[in-house]
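Enquirer: Residue numbers (the UniProt record's numbering), protein chains in the order written: chain C, 1 to 196; chain Z, 1 to 294.
Glycine is no exception: its CB is placed at the ideal position from the N, C-alpha and C atoms.
Please read through the structure below; I'll follow up with questions.
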Amino acid sequence: MMKIGVLGLQGAVREHVRSIEASGAEGIIVKKKEQLEEIDGLILPGGESTTMRRLIDKYGFFDALVEFGNQGKPIFGTCAGLILLAGEIAGQENAHLKLMDIKVERNAFGRQRESFEAELPIKGVGEGFNAVFIRAPYIVDVNENVDVLAVYNDAIVAARQGHFLCSAFHPELTDDDRMTAYFVKMVEESLKELAS
Amino acid sequence: MSNLGTDRVKRGMAEMQKGGVIMDVVNAEQAKLAEEAGAVAVMALERVPSDIRAAGGVARMADPTIVEEVMNAVSIPVMAKARIGHIVEARVLEAMGVDYIDESEVLTPADEVYHLNKADYTVPFVCGCRDLGEASRRIGEGASMLRTKGEPGTGNIVEAVRHMREVQSQIRKLIGMSQDEVMTFAKELGAPYNVLLEIKEKGRLPVVNFAAGGVATPADAALMMQLGADGVFVGSGIFKSDNPEKFAKAVVEATTHYEDYELIGQISKGLGTAMKGIEIGTIAPENRMQDRGW
């Protein structure tokens, strides 16, 4: 069975594991960088990106995560995970993993009281996806090699670049596992490609 | 087409805090230090609980200047405390845009009978609990997050342990019950029946439950995680220690890796003196904050 890890330093880890298992793969909580060798794909969950970054640095995850991505293994970042993947962060000098050619703005929809749910169509995933936005970022700019998958009020809220996927919302907080299933399929395809 | 302040959005916010540490701060400088150390949120206060305890008198919502100062200083979520039942303090904090309100027993209650009807608000609330009855009543009123109470401002973990063990053991008992036993259990606990049914079905609380009230060392934080906490609030512990920066980082790490004893041993080295702490038996019953709340 395919093994998909969820970076387990902080945040909504359990929910992603549930969604992965509902999509027919094995979910593994990754707390040590050595565990990256056992998995075929990785989810960077929602949480607090500043906290996760500090713990990523503390445990030497940084280079291992970049290497994981460069090997062609799929990574899916949700909310804080999207911020970690971005090549550029508005108003900040430095970004984090810089694996995707996107520019994001943190807390772009506002504070908690502006957090909301909305039904969205997501390209390649389906119609009427219940997207939960919590102090969410959005993507302000993408390179031409990035495929925009979902837009809400002119803001880009989901995108794919090759084997990297990201969403500003939290697919793990609902029982709709279509987005996770989409990622599981990406992992499946990458395994075929890496084998050939 | 979009919905603000739904249960999913309010409870979801707390889900994002899991595995993290929420730190009490009284100014922008402390808030920045907390963020830098890896806190997932800060609680903006006028005084930390141990100082509230020492000062005596009536403790109220913080001066909005302090809350605003902290909100401007950090990008992580900012929480603030309102008095139990104080509708206006809560509405003021909501209007200011704080990310979470703690309807807190650390402040002097404004209402000795009723808690806030938290379902009415767009902003989510966290509330204290000592057992499953109290936890369920708060969920019934619309709390989106819980924290076991412990005894705030004491630096003594014993009450936090008691409350977390009590909640967890009552959940286990509930899960093992047959459906026809639940109503009487609800009556005994003073818990809303429907909330208990939801907990029984899920096999856990429907909201995140952190530990609070007495965490004074990294090992204390890890202990609470082992007992089933989803994360930890540290009040007086951090800024009443000798080296707050080092201490704050150590508590964050111990919370993430709460089963890695070698690591906890390493990070506990040379932290300096933790806050002095108070033996619970020496606190007069009327000064016990945990007994506030109904």
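(1) Taking 9 Å as the CB-CB cut-off, is residue 96/C touching chain Z?
(2) Quick check for students: name the residue ranges of the beta strand (DSSP E) that lie wholly in the segment 112-187 of chain Z, counting only runs of 3 or more.
(3) Could you have a look at residue 97/C and say whether DSSP puts it in helix, strand or coil?
(4) Could you pull out every residue in the same chain whose Cβ sits closer than 6 Å to the Cβ of residue 13/Z, ignoring the five residues on either side in sequence?
(5) Under 9 Å, Cβ to Cβ, is there at least one residue of chain C near residue 178/Z?
(6) With contact counted as at least three CB pairs below 8 Å, one residue from each stretch, are the segment 223-235 of chain Z and the segment 204-215 of chain Z in contact?
(7) Just to make sure I have the definition right: I need the residues of chain C whose C-beta is within less than 7 Å of the C-beta of residue 203/Z. Which are they?
(8) Using a Cβ-Cβ distance under 9 Å, would residue 8/Z count as near chain C?
(9) How many Å lie between residue 175/Z and residue 188/Z at the Cα?
(10) Would you say residue 18/C and residue 188/C are within 9 Å of each other, going by their C-beta atoms?
(11) In this structure, does DSSP put residue 109/C in helix, strand or coil?
(12) Mapping the DSSP letters down to three states, classify residue 40/Z as helix, strand or coil.
(13) With a threshold of 9 Å between beta-carbons, can residue 163/C be considered close to chain Z, or not?
(14) Under 9 Å between C-beta atoms, does residue 257/Z make it to chain C?
(15) Where does residue 220/Z sit, in a helix, a strand or coil, going by DSSP?
(16) From the DSSP output, read off the bridge partner residues of residue 37/C.
(17) For residue 3/Z, go through chain C and note every residue whose CB falls closer than 8 Å to its CB, in chain order.
(18) Rounding to the nearest angstrom, what Cα-Cα distance links residue 243/Z and residue 158/Z in this structure?
(19) Between the Cα of residue 30/C and those of 48/C, 1/C, 50/C and 64/C, spot the shortest distance and give me the residue it belongs to.
(20) Determine whether the beta carbon atoms of residue 78/Z and residue 100/Z lie at a separation below 9 Å.
(21) Taking only three categories from DSSP, how would you classify residue 49/C?
(22) For residue 47/C, count neighbouring Cβ atoms within 10 angstroms of its own Cβ and tell me buried if that reaches 16, exposed if not.
(23) Check each candidate in 294/Z, 283/Z and 10/Z and name the one with the smallest Cα separation from residue 156/Z.
(24) Along the chain, where does the beta strand (DSSP E) containing residue 109/Z start, and where does it finish?
(25) Please find out if some non-hydrogen atom of the ligand NAD comes closer than 8 Å to the beta-carbon of residue 4/C.
(26) Can you tell me where the alpha helix (DSSP H) holding residue 266/Z begins and where it ends?
(27) Alpha carbon to alpha carbon, how far is residue 74/C from residue 126/C?
(28) Tell me, please, whether the CB atom of residue 82/Z is closer than 9 Å to any CB atom in chain C?
Expert: According to the data block:
(1) no
(2) 125-129 and 145-148
(3) coil
(4) The residues are 124.
(5) With 9 Å as the cut-off, residue 178/Z does not count as an interface residue toward chain C.
(6) yes
(7) Near residue 203/Z there are no residues of chain C at all, since even the closest Cβ is about 12 Å away, more than 7 Å.
(8) yes
(9) 16 Å
(10) no
(11) In this structure, residue 109/C counts as coil in the three-state DSSP scheme.
(12) DSSP places residue 40/Z in coil when its eight states are reduced to three.
(13) no
(14) yes
(15) For residue 220/Z, the three-state secondary structure derived from DSSP is helix.
(16) For residue 37/C, which the question treats as bridged, DSSP gives no partner whatsoever.
(17) 116, 117 and 118
(18) 24 Å
(19) Ranking the options by Cα distance to residue 30/C, first place goes to 64/C.
(20) yes
(21) helix
(22) buried
(23) 283/Z
(24) Premise fails: residue 109/Z is in no beta strand (DSSP E) and is neither H nor E.
(25) Questions concerning the ligand NAD fall outside what the structure shown contains, since it holds no ligand whatsoever.
(26) 261-267
(27) 20 Å
(28) no
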